[in-house]
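Notes for the one structure printed next.
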Amino acid sequence: MKRVIGRWLIPVAGGLAFVYLLVPIAYIFVFSFNDAGRTNLEWRGFTLNNWQNPCGAPNVCESLVNSLQVGVVATVIATVLGTCIALGLVRYKFKFRNTADLLIILPLATPEVVLGASLLAQFLNLGWELGFTTIVISHVIFCMSFVVVTVRARVSSLDPRLEEAASDLYASPLATFWKVTFPLLLPGVVAAALLSFAMSFDDFIITNFNSGNFSTFPKFIYVSATRGIPAQANVIGSAMFLLALAVVITSQVIAYRRRKVLAAR
Amino acid sequence: MTTVTTNKSEPGTTTSSGADLHLQNISKRFVDFTAVDDLTLTVPSGTFFALLGPSGCGKTTTLRMIAGLEQPTSGSISIGGQDVTKLPSFQRQVNTVFQSYALFPHMSVLDNVAFGLKRKRVKDTLQRAKAALAMVELEHMASRKPTQLSGGQQQRVALARALVNRPAVLLLDEPLGALDMKLRRQMQVELKSIQTEVGLTFIHVTHDQEEAMTMADTVAVMNKGKIEQMGAPRDLYELPKTAFVANFLGKSNLMYGTVLEDLGDAVAVDASGHRLVMPKNRAVAHSGAAVVGVRPEKMRVMTLEAEYSPSANMLTGTVLDASFTGVSTEYLVDVPGIGTLATFSQNMGQAPAQRGETVRMTWEPEFSFGLDGNEKATEGKDAL
Amino acid sequence: MTATATRRGDKKKQKLEDPRSTEEISAERRKGRMGLYLILPGMIVLALFFAAPVLVLLSMSLNAKPPGGEIGEFVPALEFGNYVTVISAYWDVFLRSFIFALIATVAALVIGFPMAYLVAVRLRGRQLLQGILLVLLIAPFFSSFILRTQAWKQILSDEGPVVTVLRAIAILPADGHLTATAFAVVCGLTYNFLPFMTLPIYANLDRLDTNLLEASGDLYASPLTTFFKVTLPLSAPGIFAGTLLTFIPAAGDYVNAALLGNNRDTAMIGQVIDSRFFKIVDYPGASALSFILMILILALVLIYIKRFGTKELF
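Residue numbers (our numbering), protein chains in the order written: chain A, 357 to 621; chain B, 103 to 486; chain C, 28 to 341.
In structure tokens form, the structure reads like this:
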């Protein structure tokens, strides 16, 4: 009996946790088919209208496009800057390394309200108008730290002898970087970019402080929560979830197949 | 396939027969210790040269300096007469087979082998890479990833990846260290035959004395950043010049003593009351304190009654331990005043001596070798 | 090799004098400068938009309202009284925020660890299934956490299925609620930061050598003993990172409290800061609160690092 419990405890507990994680998403998905009027609070019947017309509610799609734009720009900047920092911190020794290290970690130890409030204070101080640029800057700050942490783990686990081998085989430092270092770091960089995009896309608190009249998808939902969230928001939330799932799972399946084919040869 | 293109050698690029390597007063000092200490060394072209020593003796640092992966603190390195000390590794006509192979995990086996050729922008890259893979009998694995190969196969890919560039000098950093015993022996033979075939200068770093002796034309024994002794494997084994070499390269019995009399070609040494003779041309010191050495297999073990040649050196002692290995019986014998000596006798059907028995050990004086009296007899004994 | 070499080379220790040649030192300097160039752009961004803003926040927290000034009008000053005012008014909210965050962190650890263990250890070798479950951990980000929190609000609402069932089996009294309670807020916090707990633990357990678990079993340890004596200590770095990444944002969060709480007994400090900034337009007060929150969290994190930041957690 004890052994049975020991054997099944982890799978059952872990499985239930995944269910817990997915319950609200299932709810969002189901209610995306609700024939809701203005508020999507109770079930009024099945319809495909919301999916056929996802931009039907005012501002839903505009805020989505805004979020995607912010996410892409912030991710690209954060990934490039963060990867450079990770490389610099792991591979080189220089004077202000510990200071730099601290400056990278601190944003992670700062709650979003504080980060948002301080950036707002800075933008007010500088007299900048709040909008796309200020949101991108604020997202870059917190995404960059995550990128550094993720990529740095990858850089530290990279065998320096591979780079020596490249140099030994007539590759100039530049060729070594592009032919050996970068391809080996790529999985870490992609993972970091994905995480960064996800966090930028999902951020509300920092955005709320620094967006002015600019609306992002989470901000749109938060604002409409008081009046009633249109079912179209559920459509977009579900669609984005499924899209993310589909993209990653497809790439996983392709990689899995390729491994299998290679192993069989 | 035509090989017309191969020997169009631009100056200093493709050298098919290897080149002389010369290290002049090379030192490498790190902040807290000296890895290589004023080393001067010439390796003639086409030689299979082994750098043998325990870990930390500076052999790998020496190799890395030749490869250009490490800068010497002082001294110079030249290859084929050209000073390459300041040249970065990617501009040196030197290739390395790394200890962990360092195969690029994200590239296929063929791309790994073609890597150096592509960087040098050589023509027929793929054909040459395939030919190199064929040489190590792995052409059927060309499209695999390195992780899908066994250790021995990875090792051969690493070798092909280095050899395909026809470097002036090929460096091997403990290339067989990760392989099991059987594979090791097999690869030793293969490496040696490939070297004979391509005729390049091979520099092989290892801590395995057997490996160094079976493969190399010349062995240099390194200790504490310096070369202790260098020569053909047989010369080193038969006539070690220091206690370190005597102990690290095989086993030796070393006995402290004082030179008693000059016998013309030989000297007689008093070792705690025992008179031992050694030829002058095999001894470092001809007067004063000296250490007399003899290899265990050069000694004969016999009963006290047995006859022995009157010219032979003779010691008597008590058997501390006798272990039968089939081919022979190995003994540890305690000789009063001298200490414990190791010896063995080949299994010729005789009854082995028992523990506690008193035995006589003899050897011909010409098998003795003499070291400096200040040598520490245990130097290099447990070094690995 | 270097390690043993150092030991062997002890006798030849060089002191004071740097034995490297000038070329070598200059080569290393050049390398060092390359590192500086690599981190410089990111560092400038961080200095301008992280370090400087925090200083601006600090100076703003000391601003004073000029006599007879309009709403939102402040002048530079050294008004430390702002801190006294906000601390005496909101110390209980700070306390509540930290307690909520702490409970949520522990709950997320209890829920997240089996998830991470399941994916990293039990499903080792089954790469496709592992990949899918990992994606499920990150994909919820894309459906917007506000939408998900709102969904929880509906699920837990008085008309929702959970309350109906709980009332029917009398776990909840007939007029009991789940929403607008501290319980709902903590549940929301736990839910929203669960991936931040699970991912670092997963990354750590992924490298766990399962032979060690077998060895432990071989040495007469029961599975439970193995878990507490081997698995848990070995996964300490992952748990350490996960708890920090959960606690810090949870302590400053206000979305859960705003959507799932009732704004009086469940208010969290983030809500107060937000409303001070946007509703009351009390920039100095809001800045002071932010700054206190930052200092408190940094202090807690430092204590935590000092206490548990070593190799062993237990």
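We put the CB at the ideal spot given by N, CA and C, even for glycine.
Could you give the first and the last residue of the continuous beta strand (DSSP E) run that contains B/W465?
460–465 is the extent of the beta strand (DSSP E) around B/W465.
Of all Cβ atoms in chain A, is any one closer than 9 Å to the Cβ of B/T198?
Chain A has a Cβ within less than 9 Å of the Cβ of B/T198.
What separation, rounded to the nearest whole angstrom, lies between the Cα atoms of C/A30 and B/L278?
No answer about C/A30 holds up, because its pLDDT of 38 lies below 50 and its placement is not dependable.
Boundaries of the beta strand (DSSP E) in which B/I329 is found, first to last residue
Run containing B/I329: 328–333, per the beta strand (DSSP E) assignment.
Near-chain B residues of the region 522–555 of chain A (beta-carbon distance less than 9 Å), N- to C-terminal order
Hits within the stretch, in order: A522, S523, D524, L525, Y526, A527, S528, P529, A531, T532, K535, V536, P539, L540, L542.
Taking contact to mean at least 3 C-beta pairs separated by less than 8 Å, is the region 247–254 of chain C in contact with the region 206–214 of chain C?
These segments do not touch.
In angstroms, rounded to a whole number, what distance separates the CA positions of A/D524 and B/L273?
Going by the C-alpha atoms only, they are around 10 Å apart.
Counting only beta-carbon atoms, is C/L221 nearer than 9 Å to chain A?
It does: the Cβ of C/L221 has a partner Cβ on chain A nearer than 9 Å.
Can you tell me which residues form a DSSP beta bridge with B/E432?
BP columns for B/E432 point to B/S425, B/F446.
Is the shortest distance between the beta-carbon of A/R614 and the beta-carbons of chain C less than 9 Å?
Answer no: the Cβ-Cβ gap between A/R614 and chain C never drops below 9 Å.
Using a Cβ-Cβ distance under 9 Å, would A/D515 count as near chain C?
No - not a single Cβ of chain C is within 9 Å of the one on A/D515.
Give the interface partners of A/T466 over in chain E, defined as CB-CB distance under 7 Å, in chain order.
Here chain E cannot be found, since the structure's protein chains are A, B and C.
If we ignore side chains and look at the alpha-carbon of each, how far apart do B/G114 and B/H124 end up?
The pLDDT assigned to B/G114 is 39, lower than 50, so where the model puts this residue is not dependable; a value taken from the coordinates is nonetheless given after this. Separation of B/G114 and B/H124 (C-alpha to C-alpha, rounded to the nearest whole angstrom) is 16 Å.
What would DSSP say about B/P381, mapped onto helix, strand or coil?
Of the three classes helix, strand and coil, the one that applies to B/P381 here is strand, per DSSP.
Measuring straight from C-alpha to C-alpha, what distance separates A/F502 and A/V492?
Distance from the CA atom of A/F502 to the CA atom of A/V492, rounded to whole angstroms, is 15 Å.
Just list the alpha helix (DSSP H) runs in the region 261–305 of chain C, keeping only unbroken ones of 4 residues or longer that don't cross its boundaries, in chain order.
With a minimum length of 4 residues, the continuous alpha helix (DSSP H) runs that stay inside the region 261–305 of chain C are 263–279, 282–287, 296–305.
Contained alpha helix (DSSP H) runs [length at least 4] in the region 54–107 of chain C, N- to C-terminal order
Within the region 54–107 of chain C, the complete alpha helix (DSSP H) runs of at least 4 residues are 79–87.
With a cut-off of 8 Å on the beta carbons, I'd call B/D122 and B/T144 a contact; round off their distance for me.
Taking 8 Å as the upper bound for CB-CB distance, B/D122 and B/T144 are in contact here, some 7 Å apart.
Taking the alpha helix (DSSP H) that B/R258 belongs to, which residues open and close that run?
Start and end: 253–265.
Let's test the definition: count the other Cβ atoms within 10 Å of the Cβ of B/E112 and tell me whether it reaches 16, buried, or not, exposed.
Note that B/E112 has pLDDT 38, beneath the 50 cutoff, so the model's placement of it is unreliable and the number below is only indicative. The C-beta of B/E112 has fewer than 16 other C-beta atoms within 10 Å across all chains shown, which makes the residue exposed.
Residue-chain proximity (A/L443, chain B), Cβ-Cβ < 9 Å:
No, A/L443 does not count as interfacial toward chain B.
Taking CB distances under 9 Å as the criterion, tell me whether A/D558 reaches chain C.
Among the residues facing chain C, A/D558 is included, as its CB has a counterpart in that chain under 9 Å away.
Looking at chain C, is there any beta carbon in it that lies within less than 9 Å of the beta carbon of A/A430?
Not closer than 9 Å to any Cβ of chain C, the Cβ of A/A430 fails to qualify, so no.
Kindly list the residues whose CB is nearer than 7 Å to the CB of C/M87, restricted to its own chain and excluding five residues on each side of it in sequence; keep chain order.
If we look at C/M87 and ignore the five residues flanking it on each side, its Cβ neighbours are Y310, P311, S314.
If we call anything under 9 Å between Cβ atoms a contact, is B/G327 one with B/K130?
Yes; because the gap between Cβ atoms is below 9 Å, this pair is in contact.
With DSSP run on the structure shown, which of helix, strand or coil describes B/M404?
It is a strand residue.
Within the region 379–423 of chain A, note down every full alpha helix (DSSP H) run reaching 4 residues or more, in order along the chain.
List check, alpha helix (DSSP H) in window: 405–408.
What residues of chain A sit near C/M70, judged by a beta carbon separation below 7 Å?
What C/M70 touches in chain A: A456, L459.
Just the Cα atoms here: how many angstroms apart are A/S594 and A/C411?
A/S594 and A/C411: Cα-Cα distance of roughly 14 Å.
Can you tell me where the alpha helix (DSSP H) holding C/M224 begins and where it ends?
From DSSP, the alpha helix (DSSP H) with C/M224 extends over 209–232.
Contact set between the region 374–386 of chain A and chain C, restricted to residues whose Cβ is under 8 Å from the partner
If the cut-off is 8 Å between Cβ atoms, the region 374–386 of chain A has F374, Y376, L377, L378, V379, P380, I381, Y383, I384 near chain C.
For chain A, is any of its Cβ atoms less than 9 Å away from the one on B/S202?
With 9 Å as the cut-off, B/S202 counts as an interface residue toward chain A.
I believe C/A178 touches A/I610 by the beta-carbon criterion, under 8 Å. Please report the beta-carbon distance rounded to the nearest angstrom.
That belief does not hold up - the Cβ atoms of C/A178 and A/I610 are roughly 32 Å apart, past 8 Å.
Compute the Euclidean distance between the alpha carbons of C/R35 and B/S180, then round it to the nearest angstrom.
With a pLDDT of 38 at C/R35, under the threshold of 50, the modelled position of that residue is not reliable, and no figure is offered here.
Per DSSP, B/Q184 forms a beta bridge with which residues?
B/Q184 is bridged by DSSP to B/I181.
Cβ separation of B/I329 and B/L165, assumed to be a contact under 8 Å, to the nearest whole Å:
By a beta-carbon distance limit of 8 Å, B/I329 does not contact B/L165. Their separation comes to about 14 Å.
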